[in-house]
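Trainee: Have a look at this one before I ask anything.
There are 2 protein chains.
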Amino acid sequence: MKSYPLMVIGTVAIDEVETPFGKRDSVFGGSASYFSYAASFFTKVELMAIVGKDFPIEYRKILEEHSIGLDHLQVTEGKTFRWKGKYESDLNSALTLDTQLNVLLDFKPELRPESPPEFLFLANIDPLLQMNVLDQVKRPKCKFIACDTMNFWINGKRKELDSVLKKVDLFVLNDGEARLLTKEMNLIRAGRKIQQMGPGTVVVKKGEHGAFLFCSEKFFSVPAYPLEEVFDPTGAGDTFAGGMMGYLVKSGDLGFENLKRAVVCGSIVASFTVEDFGLDRLRKLKLNEIEERIEQFKKLCHF
Amino acid sequence: MKSYPLMVIGTVAIDEVETPFGKRDSVFGGSASYFSYAASFFTKVELMAIVGKDFPIEYRKILEEHSIGLDHLQVTEGKTFRWKGKYESDLNSALTLDTQLNVLLDFKPELRPESPPEFLFLANIDPLLQMNVLDQVKRPKCKFIACDTMNFWINGKRKELDSVLKKVDLFVLNDGEARLLTKEMNLIRAGRKIQQMGPGTVVVKKGEHGAFLFCSEKFFSVPAYPLEEVFDPTGAGDTFAGGMMGYLVKSGDLGFENLKRAVVCGSIVASFTVEDFGLDRLRKLKLNEIEERIEQFKKLCHF
Numbered sequence: 001m002k003s004y005p006l007m008v009i010g011t012v013a014i015d016e017v018e019t020p021f022g023k024r025d026s027v028f029g030g031s032a033s034y035f036s037y038a039a040s041f042f043t044k045v046e047l048m049a050i051v052g053k054d055f056p057i058e059y060r061k062i063l064e065e066h067s068i069g070l071d072h073l074q075v076t077e078g079k080t081f082r083w084k085g086k087y088e089s090d091l092n093s094a095l096t097l098d099t100q101l102n103v104l105l106d107f108k109p110e111l112r113p114e115s116p117p118e119f120l121f122l123a124n125i126d127p128l129l130q131m132n133v134l135d136q137v138k139r140p141k142c143k144f145i146a147c148d149t150m151n152f153w154i155n156g157k158r159k160e161l162d163s164v165l166k167k168v169d170l171f172v173l174n175d176g177e178a179r180l181l182t183k184e185m186n187l188i189r190a191g192r193k194i195q196q197m198g199p200g201t202v203v204v205k206k207g208e209h210g211a212f213l214f215c216s217e218k219f220f221s222v223p224a225y226p227l228e229e230v231f232d233p234t235g236a237g238d239t240f241a242g243g244m245m246g247y248l249v250k251s252g253d254l255g256f257e258n259l260k261r262a263v264v265c266g267s268i269v270a271s272f273t274v275e276d277f278g279l280d281r282l283r284k285l286k287l288n289e290i291e292e293r294i295e296q297f298k299k300l301c302h303f
Numbered sequence: 304m305k306s307y308p309l310m311v312i313g314t315v316a317i318d319e320v321e322t323p324f325g326k327r328d329s330v331f332g333g334s335a336s337y338f339s340y341a342a343s344f345f346t347k348v349e350l351m352a353i354v355g356k357d358f359p360i361e362y363r364k365i366l367e368e369h370s371i372g373l374d375h376l377q378v379t380e381g382k383t384f385r386w387k388g389k390y391e392s393d394l395n396s397a398l399t400l401d402t403q404l405n406v407l408l409d410f411k412p413e414l415r416p417e418s419p420p421e422f423l424f425l426a427n428i429d430p431l432l433q434m435n436v437l438d439q440v441k442r443p444k445c446k447f448i449a450c451d452t453m454n455f456w457i458n459g460k461r462k463e464l465d466s467v468l469k470k471v472d473l474f475v476l477n478d479g480e481a482r483l484l485t486k487e488m489n490l491i492r493a494g495r496k497i498q499q500m501g502p503g504t505v506v507v508k509k510g511e512h513g514a515f516l517f518c519s520e521k522f523f524s525v526p527a528y529p530l531e532e533v534f535d536p537t538g539a540g541d542t543f544a545g546g547m548m549g550y551l552v553k554s555g556d557l558g559f560e561n562l563k564r565a566v567v568c569g570s571i572v573a574s575f576t577v578e579d580f581g582l583d584r585l586r587k588l589k590l591n592e593i594e595e596r597i598e599q600f601k602k603l604c605h606f
């Protein structure tokens, strides 16, 4: 088995998405798919997830084309996790119309004890599973662990999530989740409160408004890359995290200045994701387009 | 009569403000008061407005202490304009509880034809009055005109506002107003649409999310200075505009790079305003504190 410097543990899904610009069935989705695809522009990344026997071979090929490690993609009897969502005209939040967990109910992520990844990302899954993975992790071999979550877990599994937060280095969440978690409207105070829950570094994604990075007592604020059209926001958060983590792994530098650049990189990769359905835009994307947009972006927000 | 390079025409008011942090009667307010006070850190500014005989001498002294020109502050029989507002916990939008126009109903701004200001700011007043002023303005002696407005006029005097927008160089408004005016949720598209209505330069203020600057085909995005506590948002928009215009007048440079710096300067002055009730924070403020916060801010958002 090959070893990879970065591993993501999350979901692989088949989505049905409706936006003001159109509707599409059978979109290849899931947090781990988006994350790994985005990270793979920068580093070798391995995906740990579960799918059913119905998982299309074409989707597997999409990941393989980007050299994403699939040794830990479990294929089991049953159907792949399915999500159906809709975005209203403001495109800021998805309305979940249907969730079919299917094989996700059987997901039991297991790390290889002999070769844990150096960088680990726990994408949005049940905090119980995230905690289960953290219990298997050997520090300091695994030197940087980040995680994501969602409002569903903040409301439903708060105690388990609190345990997870005590053990991760970086927590990435969106503005609504940060407010829900801390009961703080002010996002600066919310970010500081979350740091006190465990992760020394917190990234609060604000969609069209950019992102905040809290790192020890330091702070960084970056606007979003300006887009006249957001076609489909699905996967923006996961590709943000993937771009950010991929950049960190590639550079190998966990200092604050480099974390800032990683946040910008994640934000820029996400700005491509939302330009089309699912992974469609990322599949056409070249690394130099990302680099060019970062340079262009610098001009738009430096003074 | 002294002549001033910058004039603001707007309101001078007595406010009653309630925020989650407290309540205060008889707060010195009004768009022209806030604007002129902020601008006076950078340049000589003259205020044109109307007040009643009840206008407190202490308020006049506050303006005089900052050398704000008051030759055009009309004092007339009747009561000064009064506004009563309340902010809920999100502090993003004020709920107007009461408005007493009083002497504002008699306001007829008249420019001195022989010495128009070089820079003119039409703060938030009836677009009919704004248009009336614009009809008196002699170009090119008056070389730069900017204006503000509010949702009330967008909904109620759209035709008059459209006429105003055709004649100004810069239009500054907030995100909600930009969306209302253009029926566009996407603020980039909204800003571009507003440029097509007349003003070559548009500034969209986004409160805690910063601001956008649209100038010809160019674009600039800046986050807000991070504040853990926003005490009273009243006057933030007017001091933003005042700081921005004051900076422009002082530098005398209307190029895009300098407009960017002016927007940052306005945003930073506003970040002080919201730290206390009314003008209380600005009254204690020193120019070097503004400069220091701008430098500090640069570090928080450059990468």
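Heads up: the protein sequence lines correspond to chains A and B, in order. Mapped onto the working numbering, the consecutive letters of the first sequence carry residue numbers 1 to 303. Mapped onto the working numbering, the consecutive letters of the second sequence carry residue numbers 304 to 606. All C-beta atoms, glycine included, are put in the ideal place defined by N, C-alpha and C. Just so you know, these numbers come straight off a predicted model, no measurement behind them.
Using a Cβ cut-off of 8 angstroms, pull out every chain A residue sitting near Val567 of chain B, in sequence order please.
Mentor: Phe303, listed in chain order.
Trainee: Looking at Gly479 of chain B and Ala341 of chain B, is the spacing between their C-beta atoms short of 8 angstroms?
Mentor: It is not a contact, given that the beta carbons lie outside the stated cut-off.
Trainee: Does the separation of the CB atoms of Ile9 of chain A and Ala123 of chain A fall below 8 angstroms?
Mentor: Their beta carbons are under 8 angstroms apart, which means Ile9 of chain A touches Ala123 of chain A by this criterion.
Trainee: I'd like to know if Gly325 of chain B contacts chain A, where contact means its C-beta is closer than 8 angstroms to some C-beta of that chain.
Mentor: No, its Cβ sits nowhere closer than 8 angstroms to a Cβ of chain A.
Trainee: What's the gap between the Cα of Lys441 of chain B and the Cα of Ala449 of chain B?
Mentor: Computed Cα separation, rounded: 15 angstroms.
Trainee: When you compare each of B:Pro502, B:Gly459, B:Arg495, B:Arg461 to Phe474 of chain B by their alpha carbons, which one comes out closest?
Mentor: Here the closest residue by C-alpha is B:Pro502.
Trainee: Between which two residues does the beta strand (DSSP E) holding Val630 of chain B run?
Mentor: Beyond the ends of chain B as shown, which are 304 and 606, falls residue 630 of chain B; an answer cannot be given.
Trainee: Since Leu129 of chain A and Pro109 of chain A are thought to touch, with beta carbons under 8 angstroms apart, how far apart are those beta carbons, to the nearest angstrom?
Mentor: Confirmed, Cβ separation roughly 6 angstroms.
Trainee: For the beta strand (DSSP E) containing Met310 of chain B, list its first residue and its last residue.
Mentor: That run of the beta strand (DSSP E) goes 309-312.
Trainee: Under 6 angstroms Cβ to Cβ from Leu483 of chain B, same chain only, skipping five residues before and after it: list those, please.
Mentor: So the qualifying residues of the chain are Asn454, Ile457.
Trainee: Would you decide whether Glu228 of chain A is buried or exposed? Buried here means 16 or more other CB atoms lie within 10 Å of its CB.
Mentor: By the 10 Å Cβ count, Glu228 of chain A comes out exposed.
Trainee: Identify each residue in the region 552-581 of chain B for which the Cβ-Cβ distance to at least one residue of chain A is less than 7 angstroms, and report them in chain order.
Mentor: Answer in chain order: Lys563, Arg564, Val567.
Trainee: Quick check on Arg158 of chain A: buried or exposed, where buried means 16 or more other Cβ atoms within 10 Å of its Cβ?
Mentor: The residue is exposed, with fewer than 16 neighbouring Cβ atoms inside 10 Å.
Trainee: If you draw a straight line from the C-alpha of Phe358 of chain B to the C-alpha of Gly333 of chain B, how long is it?
Mentor: The straight-line gap from Cα to Cα measures roughly 12 angstroms.
Trainee: Using only alpha-carbon positions, find the residue among A:Gly69, A:Lys205, A:Asn258, A:Phe212 that is nearest to Thr239 of chain A.
Mentor: Taking only the C-alpha atoms, the option nearest Thr239 of chain A is A:Lys205.
Trainee: Find the residues of chain B that neighbour Gly210 of chain A, judging by a C-beta separation of less than 7 angstroms, and give them in chain order.
Mentor: Ordered by position in chain B, the residues that pass the 7 angstroms Cβ test against Gly210 of chain A are Pro526.
Trainee: Three or more beta-carbon pairs under 8 angstroms between the region 512-532 of chain B and the region 587-604 of chain B, yes or no?
Mentor: The region 512-532 of chain B vs the region 587-604 of chain B: in contact.
Trainee: Between the alpha carbons of Glu421 of chain B and Asp401 of chain B, how many angstroms are there, rounded?
Mentor: Spanning the two alpha carbons is a distance of roughly 36 angstroms.
Trainee: By the criterion of Cβ-Cβ separation under 9 angstroms, what are the contact partners of Glu531 of chain B in chain A?
Mentor: Ordered by position in chain A, the residues that pass the 9 angstroms Cβ test against Glu531 of chain B are Asn186, Ile188, Arg189, Arg192.
Trainee: Could you have a look at Asn591 of chain B and say whether DSSP puts it in helix, strand or coil?
Mentor: It is helical.
Trainee: Taking Cβ-Cβ distances below 8 angstroms as the criterion, which residues of the region 88-101 of chain A are in contact with chain B?
Mentor: Of all residues in the region 88-101 of chain A, Ser89, Asp90, Leu91 have a Cβ within less than 8 angstroms of some Cβ in chain B.
Trainee: Measuring alpha carbon to alpha carbon, tell me which of B:Lys446, B:Ala493, B:Ile491, B:Leu476 ends up nearest Lys470 of chain B.
Mentor: The residue with the shortest Cα to Cα distance from Lys470 of chain B is B:Lys446.
Trainee: Tell me the residue span of the alpha helix (DSSP H) that contains Asp98 of chain A.
Mentor: Note, Asp98 of chain A: premise wrong, no alpha helix (DSSP H); beta strand (DSSP E) at 94-100.
Trainee: Would Ile353 of chain B and Thr379 of chain B qualify as a contact pair, given that the criterion is a beta-carbon distance under 8 angstroms?
Mentor: For Ile353 of chain B and Thr379 of chain B, yes; Cβs fall inside 8 angstroms.
Trainee: If the cut is a Cβ gap below 9 angstroms, which residues of chain A does Phe345 of chain B touch?
Mentor: Going along chain A, no residue has its Cβ under 9 angstroms from Phe345 of chain B, so there is no contact; the nearest lies around 17 angstroms.
Trainee: Can you tell me whether DSSP reads Ser36 of chain A as helix, strand or coil?
Mentor: DSSP places Ser36 of chain A in helix when its eight states are reduced to three.
Trainee: Could you tell me whether the Cβ of Phe220 of chain A comes closer than 8 angstroms to any Cβ of chain B?
Mentor: For Phe220 of chain A, the answer is yes, since a Cβ of chain B falls inside 8 angstroms of its Cβ.
Trainee: Any beta-carbon of chain B closer than 8 angstroms to the one on Thr180 of chain A?
Mentor: Going by the sequence as given, residue 180 of chain A is Leu instead of Thr. It does not: the Cβ of Leu180 of chain A has no partner Cβ on chain B nearer than 8 angstroms.
Trainee: Figure out for me which residue from B:His375, B:Met434, B:Asp318 has the closest Cα to the Cα of Lys382 of chain B.
Mentor: The option with the nearest alpha carbon to Lys382 of chain B is B:Asp318.
Trainee: Looking at the strands, I want to know which residues DSSP matches up with Val269 of chain A.
Mentor: According to DSSP, which records beta bridges pairwise, Val269 of chain A is partnered with nothing at all.
Trainee: Could you spell out where the beta strand (DSSP E) holding Asp328 of chain B opens and where it closes?
Mentor: That run of the beta strand (DSSP E) goes 325-332.
Trainee: Taking the alpha-carbon of Glu367 of chain B as reference, which of B:Val348, B:Thr485, B:Arg385, B:Pro308 has the nearest alpha-carbon?
Mentor: Answer by Cα proximity: B:Val348.
Trainee: To the nearest angstrom, report how far apart Gly52 of chain A and Ile125 of chain A are at their CA atoms.
Mentor: Cα to Cα, the separation comes out at about 17 angstroms.
Trainee: Among all the DSSP beta bridges, which residues are the ones paired with Asp438 of chain B?
Mentor: According to DSSP, Asp438 of chain B bridges with nothing at all.
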